[in-house]
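In the working numbering, the protein residues as written are 33 to 188.
Virtual Cβ for every residue (Gly too), placed ideally from N, Cα, C.
See below:
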């Protein structure tokens, strides 16, 4: 094999190795990204779905997120725009946490059976405390302040 042929062969091999590495990195980054799919989104609500129209509900105690009756017992609702998840672990007891997963910052999407779930890597959190119950997340969801006034749940 001549020197020119050997150089072309090396360039070809290097190109293939670089291309495969780039494709692998792109696949890994895509797997770690968020999802626009509707899977688990049945608990995500836009602001104002608690019975008040947009622009209203900013009385004492902050913006109305929902009516207490809209938060299922043992479950919860994710409010994407406010980046908060409101849960009702026991009848009449309401908790709120950041909806940003502490693992890599994805938004949690589902709350059921006392568990908040992040769809990106399946981290799970206790709906009563925000503590992680399954990895890869190791830090709890930060608590958010809410108030319950009559049937209205408001951001504090």
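Inter-segment contact for the segment 114 to 132 and the segment 149 to 159 is present: three or more beta-carbon pairs are separated by less than 8 angstroms. For the set 112, 137, 146, the Cα lying nearest the Cα of residue 127 is the one of 146. In this structure, DSSP gives residue 130 an extended state, which the three-state scheme calls strand. Within 10 angstroms of the beta-carbon of residue 174 lie fewer than 16 other beta-carbons, which makes it exposed. Distance from the CA atom of residue 163 to the CA atom of residue 152, rounded to whole angstroms, is 17 angstroms. In the structure shown, residue 112 adopts coil according to DSSP, grouped into three states. For residue 169, the secondary structure class from DSSP, reduced to helix, strand or coil, is coil.
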